[in-house]
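Residue numbering for the sequence shown follows UniProt numbering, beginning at 1 and increasing consecutively.
Glycine included, C-beta positions come from ideal geometry on N, C-alpha and C.
Everything numeric in this text was worked out from a predicted model, so none of it was measured.
Here is the structure we will look at, set down as structure tokens.
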Amino acid sequence: MSTSPSRVFVGRLTGLQVFDPAGDQVGRVRDLVAMIRPGDQPPRVLGLVLDVFGRRSVFLPMTRVTSIDSGQVLTTGLVNMRRFEKRPSETLVVGELLDRRVRIPEAEVDGTVYDLAIEQERNRDWVVSRVALQEHSKRFGRKGQTHIAEWRDVEGFELQGTQGATHLLAALEEMKPADLATVIHDLPPKRRREIAAALDDERLADVLEELPEEDQVEILGQLDRERAADVLEEMSPDDAADLIADLPPEVAETLLRLMEPGEAEDVRRLLSYEERTAGGMMTTEPVILPPDATVADALAHVRNEELRPSLAAVVYIVRPPLEPPTGRLLGLGHIQRLLREPPSTLLGALLDADTDGLRATATLEEVARHLATYNLVAAPVVDEDGRLLGAVTVDDLLDHLLPENWRERPSGTGPGRLRG
1 MSTSPSRVFV GRLTGLQVFD PAGDQVGRVR DLVAMIRPGD QPPRVLGLVL
51 DVFGRRSVFL PMTRVTSIDS GQVLTTGLVN MRRFEKRPSE TLVVGELLDR
101 RVRIPEAEVD GTVYDLAIEQ ERNRDWVVSR VALQEHSKRF GRKGQTHIAE
151 WRDVEGFELQ GTQGATHLLA ALEEMKPADL ATVIHDLPPK RRREIAAALD
201 DERLADVLEE LPEEDQVEIL GQLDRERAAD VLEEMSPDDA ADLIADLPPE
251 VAETLLRLME PGEAEDVRRL LSYEERTAGG MMTTEPVILP PDATVADALA
301 HVRNEELRPS LAAVVYIVRP PLEPPTGRLL GLGHIQRLLR EPPSTLLGAL
351 LDADTDGLRA TATLEEVARH LATYNLVAAP VVDEDGRLLG AVTVDDLLDH
401 LLPENWRERP SGTGPGRLRG
């Protein structure tokens, strides 16, 4: 390995772009895989976990890293694109060692790990050589002193006590929910619980929506009932309904009673439909406006950064009331067309009244055929009186058409990895 610094702190390594010899980006560093060794031997770094395009995490052996320098990582270009699977003998440096409570016996210092350093030894192996910890302050509101110690001088990594999540979440703060969900999925169950406890309700809700069903149920089941209900309220109603449907009936009913009545009503309505129907897939929170709203009003609504692209593509124009079930659906306002119109134009003059709504009982095949026929990314779901019940989107459809474990094994990949 050439032109690399002899020591690199993990906090500066996570998030770095990884390039092949041609200068093409392979992915970004998300974590490091190490093997804890007996005695005071520093852990050997086996490789990097990379986030690559397509929401996939892969393993890059350290033997294929040619340089860590100038804010980037260079590789030999040989990267196995099989999904990363952590082995029992391995430890994730960022995911499992940060926030560990440890002790420097000789200095009589107790603290929490906030960073670690890796360096290359003479035999060209990389090891975790230094531990950066923050001393536990005895004064409220004051941060304790920081220390950097040799790995062999620190005790506590072999213990499996309660571990915080402050520094891990700081390292992953800018990750999108889908990427953070991948990180959490790869962690041991105990560490997942600690991360879930540290996330705020909104962030945890966003992450839960991206996790496989078994992870969702496991994490929600470990929260106290009040907090679980609060997190469900932050989720989109269709995702909350899917999760509640996987819970034991008595637990589901308890959580629904603890939720805000309006939020619980939306979820109960969705639970009344068969899962693999338009009603079972739809969201009750599309952008809904009256015909006397203007183009400017519509564009202001779809600018909401929390709105999924498929929901931001269409405005549903209805007679009052505007909460599902609404008054009669008048038509759709396609954002692509609205962008070409003067901001003061009324939506009633621009609506597309030719697209029929789906019935809540429409099957997956009928929904897919409808979206394909009209080249739509979202479609209204209406009752027999033409009132809007919600909208089903192409991403909702794909969630139900893809295999159940699609979040764990993206198309074209399999478990395991090659060793370098």
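Residue from E150, P21, R7 with nearest C-alpha to R122: As a first step, residue 122 is located in the sequence shown; it is residue number 122 there, counting from the start. Nearest option by C-alpha distance: R7.
Which word fits L133, buried or exposed, when buried means at least 16 other C-beta atoms lie within 10 angstroms of its C-beta? Against the sequence shown, residue 133 aligns to sequence position 133. The residue is buried, with at least 16 neighbouring Cβ atoms inside 10 Å.
So, is G71 buried or exposed, given that buried needs 16 or more other C-beta atoms within 10 angstroms? For the purposes of this step, residue 71 is taken as the residue at position 71 of the sequence shown. Result: exposed.
Give a yes or no on whether the minimum CB-CB distance between R64 and chain C is below 7 Å. Note that chain C does not occur in the displayed structure, where there is just one protein chain.
Which of helix, strand or coil DSSP assigns to L389: Taking the first residue of the sequence shown as 1, we reach residue 389 at position 389. Correct three-state label for L389: strand.
Any idea if Q53 is buried or exposed, counting beta-carbon neighbours within 10 angstroms, 16 or more meaning buried? Residue numbering aside, residue 53 sits at position 53 when the sequence shown is read from its first letter. Gln is not the amino acid found at residue 53; the sequence shown has Phe there. Exposed, since its Cβ has fewer than 16 Cβ neighbours within 10 Å.
Between which two residues does the beta strand (DSSP E) containing D31 stretch? As a working note, residue 31 is residue 31 in the sequence shown. Taken as a continuous stretch (DSSP letters only), the beta strand (DSSP E) holding D31 covers 25–35.
Pull up the distance between the alpha-carbon of L289 and that of F84, whole angstroms please. As a working note, residue 289 is residue 289 in the sequence shown. As a working note, residue 84 is residue 84 in the sequence shown. Each residue's alpha carbon lies about 45 Å from the other.
DSSP three-state call for A165: helix, strand or coil? For the purposes of this step, residue 165 is taken as residue 165 along the sequence shown, with counting starting at 1. Here A165 sits in coil by DSSP.
Between the C-alpha atoms of A229 and L208, what's the straight-line distance to the nearest angstrom? Counted from its first residue, the sequence shown places residue 229 at position 229. Counted from its first residue, the sequence shown places residue 208 at position 208. C-alpha separation (whole angstroms): 13 Å.
Rounded C-alpha distance that separates G414 from L299: As a working mapping, residue 414 is identified with position 414 in the sequence shown. As a working mapping, residue 299 is identified with position 299 in the sequence shown. Here the model assigns G414 a pLDDT of 40, short of 50, so the residue's position is not dependable, and the following value carries that caveat. Using only the alpha carbons, I get a separation of about 42 Å.
Residues bridged to D51 (per DSSP): What you label residue 51 is simply residue 51 of the sequence shown in a count that begins at 1. Partner(s): R28, S57.
Provide the residue(s) that pair with L270 in DSSP beta bridges, ordered along the chain. The residue given as residue 270 occupies position 270 in the sequence shown. Its beta-bridge partners do not exist; DSSP assigns none.
Spatially closest choice to P261 from L271, L220, P249, E233, by CA coordinates: Here the question's residue 261 lines up with position 261 in the sequence shown. It is E233.
Throw me the rounded Cβ distance for the V131 and A149 pair, which I believe falls under 8 Å. Working through the sequence shown from its first residue, we reach residue 131 at position 131. Working through the sequence shown from its first residue, we reach residue 149 at position 149. Indeed they touch by this definition, with Cβ atoms about 5 Å apart.
Beta-carbon proximity list for R152, same chain, < 6 Å, skipping 5 on both sides: Position 152 of the sequence shown, counted from the start, is the residue given in the question as residue 152. If we look at R152 and ignore the five residues flanking it on each side, its Cβ neighbours are D40.
Between the Cα of G221 and those of L247, S236, L211, spot the shortest distance and give me the residue it belongs to. Translated into the one-based positions of the sequence shown, residue 221 becomes position 221. Closest option to G221, Cα to Cα, is L247.
Quick check: the Cα distance between D31 and T66, rounded to an integer number of angstroms? Locating residue 31 in the sequence shown gives position 31, counting from the first residue. Locating residue 66 in the sequence shown gives position 66, counting from the first residue. Going from the Cα of D31 to the Cα of T66 covers about 17 Å.
Could you give the C-beta distance for E155 and R103, rounded to a whole number, given that I count them as a contact under 8 Å? Reading the sequence shown from its first residue, position 155 is the one you call residue 155. Reading the sequence shown from its first residue, position 103 is the one you call residue 103. Right, their Cβ atoms sit about 5 Å apart.
Less than 7 Å between the beta carbons of D113 and V26, yes or no? One-based indexing of the sequence shown puts residue 113 at position 113. One-based indexing of the sequence shown puts residue 26 at position 26. Residue 113 is actually Val in this sequence, not Asp. Result no, Cβ atoms of V113 and V26 do not sit closer than 7 Å.
Helix, strand or coil for L78, going by three-state DSSP, please let me know. Along the sequence shown, one-based indexing puts residue 78 at 78. In this structure, L78 counts as coil in the three-state DSSP scheme.
Looking at C-beta atoms only, is the number of pairs between the stretch 392–400 and the stretch 334–345 that lie closer than 8 Å three or more? no
Do A313 and V377 have their CB atoms nearer than 7 Å? As a working mapping, residue 313 is identified with position 313 in the sequence shown. As a working mapping, residue 377 is identified with position 377 in the sequence shown. Yes, the pair counts as a contact, with Cβ atoms nearer than the cut-off.
Opening and closing residue of the alpha helix (DSSP H) in which P249 lies: Counting from one through the sequence shown, the residue named residue 249 turns up at place 249. Its alpha helix (DSSP H) spans residues 249–258.
What are the partner residues of residue 426, as DSSP defines its beta bridges? Nothing about residue 426 can be read from this structure; the chain reaches only from 1 to 420.
Quick check: the Cα distance between V295 and R359, rounded to an integer number of angstroms? Within the sequence shown, residue 295 is the residue found at index 295, counting from 1. Within the sequence shown, residue 359 is the residue found at index 359, counting from 1. C-alpha separation (whole angstroms): 28 Å.
Residues of its chain near G144, where Cβ-Cβ distance is below 7 Å and the 5 sequence neighbours each way are ignored: As a first step, residue 144 must be located in the sequence shown, where it is residue number 144. So the list reads G111, Q134, E135, H136, S137, once near-sequence residues are dropped.
Cross-strand partners of I68 (DSSP beta bridge): Here residue 68 is taken as the residue at index 68 of the sequence shown, counted from 1. Answer is V73.
Using C-beta distances below 6 Å, list every residue in its chain close to V315, excluding the 5 sequence neighbours before and after it, in chain order. Along the sequence shown, one-based indexing puts residue 315 at 315. Cβ neighbours of V315 beyond the five flanking positions: V287, L289, A298, G333.
Across which residues does DSSP place T355 in a beta bridge pair? Your numbering for residue 355 matches position 355 in the sequence shown. For T355, which the question treats as bridged, DSSP gives no partner whatsoever.
Would you identify the three-state DSSP class for L376, choosing helix, strand or coil? Locating residue 376 in the sequence shown gives position 376, where the first residue counts as 1. Three-state result, L376: coil.
I317 and L371 look like a contact to me (Cβ under 8 Å); what is the Cβ gap, rounded to whole Å? In the sequence shown, counting from the first residue as 1, residue 317 sits at position 317. In the sequence shown, counting from the first residue as 1, residue 371 sits at position 371. That belief does not hold up - the Cβ atoms of I317 and L371 are roughly 19 Å apart, past 8 Å.
Return the residue from the list V109, R124, D179, L258 that minimises the CA-CA distance to V49. Here residue 49 refers to the residue found at position 49 when the sequence shown is read from its first residue. Taking only the C-alpha atoms, the option nearest V49 is D179.
Quick one: using the 10 Å Cβ neighbour count with 16 as the cut-off for buried, is S272 buried or exposed? Indexing the sequence shown from 1 puts residue 272 at position 272. Per the 10 Å Cβ criterion, exposed.
Between which two residues does the alpha helix (DSSP H) holding T361 run? The residue labelled residue 361 in the question sits at position 361 within the sequence shown. Segment: none, T361 is in no alpha helix (DSSP H) and carries neither H nor E.
Closer than 6 Å by C-beta to M81: which residues in its own chain qualify, once you throw out the five before and the five after it? Chain order, please. Within the sequence shown, the letter at position 81 stands for residue 81. Around M81: V58.
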